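Numbering (the numbering used here), first residue to last: 68 to 466.
Where is the CB? At the ideal position from N, CA and C, for every residue including glycine.
Here the structure is a predicted model, which means the values were calculated and not measured.
Working notes for the structure below.
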Amino acid sequence: MTIRQTIYPAIRQSFISMAEYVEHLKLDMVYDLDDASLKEIAQTVPHLKALEMRWCDMQECRGGLRDCFNAMKDLEYLDITAPGVTLFGNHTLPESAGVLCLQSVLRKYNNLSSDQPSLVKFPSNLKYLALMGINDAEQILTWVAEGCTNLNGLRLNCSMSYAGYIFQVISEMKNLTYLAIPLTRIPRNVDLSFLGSLTHLRALEIHTLDEMVISSIIQYCFALEHLDIYDDRKGNVVITTEMHSSLLRIATISSLRSLSISASSYSKEQTTELVNQLSTNRNLEYIEMKTTHGALEPEVLFELLRRCMNIQSVSLNYRWADVYPHICQVVDEVGEQYEKLFQNAHPMVEIQCESLAIKKSKKAKKNWKSYKWLRFVPKISPPAVLEKWQYGSLSAGKP
68 MTIRQTIYPA IRQSFISMAE YVEHLKLDMV YDLDDASLKE IAQTVPHLKA LEMRWCDMQE
128 CRGGLRDCFN AMKDLEYLDI TAPGVTLFGN HTLPESAGVL CLQSVLRKYN NLSSDQPSLV
188 KFPSNLKYLA LMGINDAEQI LTWVAEGCTN LNGLRLNCSM SYAGYIFQVI SEMKNLTYLA
248 IPLTRIPRNV DLSFLGSLTH LRALEIHTLD EMVISSIIQY CFALEHLDIY DDRKGNVVIT
308 TEMHSSLLRI ATISSLRSLS ISASSYSKEQ TTELVNQLST NRNLEYIEMK TTHGALEPEV
368 LFELLRRCMN IQSVSLNYRW ADVYPHICQV VDEVGEQYEK LFQNAHPMVE IQCESLAIKK
428 SKKAKKNWKS YKWLRFVPKI SPPAVLEKWQ YGSLSAGKP
């Protein structure tokens with residue numbers, strides 16, 4: 068909502084009267100957002116800690132954005148979703164950009180000057196930044212790296228045409244503990260060693276399933292606690308033997324506590340082998356596998372539970388109506404042998420079963436089984452370790 072144009076006068080006055088108590092402001096689908104509106108926001112809520120701007124029309128408010136960021140000294144959380152929008156126009160990148168990026172960078176930023184001061188100063192206290200679909204994300208990252216040394220969380224979903232330059236800028240963000248970045252279609256010769264510079268990185272989310280990327284993660288991110296790999300390519304992409312071997316090596320990241328892999332083309336046999344390999348990692352608390360080639364056998368699940376005593380949430384592609392009774396049968400068979408062991412090690416294990424919504428109808432409720440250490444849920448809870456590293460540094464927690 069905009070203060071000046073959208074809110075009715077009475078509501079606007081009410082908002083202004085309580086502005087000193089506002090710590091989180093979300094502007095969602097606001098059209099014709101202009102400089103005057105943003106300047107009024109900056110003046111009205113200068114002590115804002117979290118600002119979200121989603122699908123807003125921000126083409127004509129570059130001056131207002133600068134005023135906002137300059138005035139909001141306490142801002143810790145900034146999330147901007149503006150697909151196809153250039154927030155600050157064609158400003159300057161450092162001269163090194165011409166070496167690290169494609170030649171088109173030089174044409175896009177035609178006023179290169181290494182000694183020109185930053186035109187936008189982001190709040191030095193900024194701890195979390197998300198830039199989704201923004202055209203000039205590489206320029207914004209440059210300004211953030213210069214002035215926001217407390218940044219702990221960075222989420223990007225933008226063009227990676229200038230991947231080399233973006234990676235260099237990210238490598239200077241030494242305090243990052245959480246990074247989400249699309250690595251789809253990056254040039255094969257782009258060096259991913261920048262990951263080795265992020266010594267505090269504990270949570271990583273990537274949108275690609277690529278052997279080179281996976282190998283780089285294993286090589287440089289040996290202290291990871293959360294890893295999310297999402298294959299966003301369309302169609303049935305074959306998982307090669309080399310790719311499968313790289314994924315199996317994820318189990319060597321001994322610090323890993325949470326793992327989520329989404330790969331539509333991953334076969335049931337490959338997934339089973341990967342889960343069995345992950346069973347060697349005793350620190351795992353959360354595991355999620357999203358494929359389209361059938362649910363794993365319940366025996367695989369219980370071998371995972373038997374070996375990984377810290378497991379709290381599991382999703383292994385259990386979808387069909389016959390999965391629930393099959394799992395219950397295995398639980399009953401192994402329950403007597405392992406119930407005390409599981410109950411002592413696992414206070415409560417969540418098993419995702421997408422057919423649960425059907426099974427939990429009132430008619431079927433009387434036949435619904437319950438266990439002391441196990442429950443079936445339509446969706447497992449997000450891993451606690453992810454929220455810790457993504458939002459843990461924010462004084463008010465997750466907005």
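Three-state secondary structure (DSSP) of residue i
| i | result |
| --- | --- |
| ARG374 | helix |
| ASP295 | strand |
| PHE443 | strand |
| THR148 | strand |
| GLU87 | helix |
| GLU336 | helix |
| MET279 | helix |
| LEU314 | helix |
| VAL416 | strand |
| LYS93 | strand |
| GLU143 | coil |
| ARG330 | According to the sequence displayed, residue 330 carries Ala and not Arg. Three-state result, ALA330: coil. |
| VAL305 | coil |
| ARG133 | helix |
| ALA290 | coil |
| ILE273 | strand |
| SER462 | coil |
| VAL367 | helix |
| VAL112 | coil |
| GLU352 | coil |
| VAL398 | helix |
| LYS106 | helix |
| HIS321 | Checking the displayed sequence, the identity of residue 321 turns out to be Ser instead of His. Coil at SER321, not helix or strand. |
| VAL381 | strand |
| LEU262 | helix |
| ALA164 | Here the model assigns ALA164 a pLDDT of 45, short of 50, so the residue's position is not dependable, and the following value carries that caveat. Reduced to three states, the DSSP call for ALA164 is helix. |
| ASP118 | Here residue 118 is Leu; the residue named in the question, Asp, does not match the sequence. Reduced to three states, the DSSP call for LEU118 is strand. |
| LYS455 | helix |
Assigned exposure category for residue i - 16 Cβ within 10 Å defines buried
| i | result |
| --- | --- |
| PRO150 | exposed |
| THR358 | buried |
| MET415 | exposed |
| GLU87 | exposed |
| GLY231 | buried |
| PRO449 | exposed |
| ARG133 | buried |
| SER325 | buried |
| ASN137 | exposed |
| GLN379 | buried |
| THR244 | buried |
| ASP399 | exposed |
| GLU143 | buried |
| ASP203 | buried |
| GLY464 | exposed |
| LYS93 | exposed |
| PRO190 | buried |
| MET139 | buried |
| MET96 | exposed |
| TYR458 | buried |
| GLN235 | buried |
| GLU417 | buried |
| PRO365 | buried |
| VAL452 | buried |
| GLN337 | buried |
| GLN419 | buried |
| THR308 | exposed |
| VAL305 | exposed |
| GLU396 | Here the sequence assigns Gln to residue 396, which means Glu is not the residue at that position. The residue in question, GLN396, is exposed, as its Cβ has fewer than 16 Cβ neighbours within 10 Å. |
| LYS439 | exposed |
Cβ separation of residue i and residue j, assumed to be a contact under 8 Å, to the nearest whole Å
| i | j | result |
| --- | --- | --- |
| HIS274 | TRP456 | HIS274 to TRP456, Cβ: 18 Å. No contact. |
| ILE25 | PHE289 | Past the boundaries of the shown model lies residue 25; the chain is included only from 68 to 466, so the question cannot be answered. |
| LEU145 | LEU105 | The Cβ separation is near 13 Å, so there is no contact. |
| VAL339 | VAL367 | Just to set this straight, residue 339 is Thr in the shown sequence, not Val. Their Cβ separation, rounded to whole angstroms, is 6 Å, which keeps THR339 and VAL367 in contact under 8 Å. |
| GLU355 | ILE296 | Wrong, their Cβ atoms sit about 10 Å apart, outside the cutoff. |
| LEU218 | ASN242 | 6 Å |
| PRO249 | MET227 | 6 Å |
| ASP298 | ALA270 | Going by Cβ atoms, the distance from ASP298 to ALA270 rounds to 19 Å, so no, they are not a contact pair. |
| LEU323 | LEU341 | No, LEU323 and LEU341 are not in contact; Cβ-Cβ is about 13 Å, not under 8 Å. |
Residue i CB to nearest heavy atom of the ligand MG below 7 Å
| i | result |
| --- | --- |
| TYR232 | The model on display carries no ligand, and the ligand MG is accordingly not part of it. |
Beta carbon proximity, residue i to chain C, threshold 8 Å
| i | result |
| --- | --- |
| LEU265 | No chain C is part of this structure, which consists of one protein chain only. |
Just list the alpha helix (DSSP H) runs in the stretch 194-258, keeping only unbroken ones of 4 residues or longer that don't cross its boundaries, in chain order.
-> 204-214, 230-238
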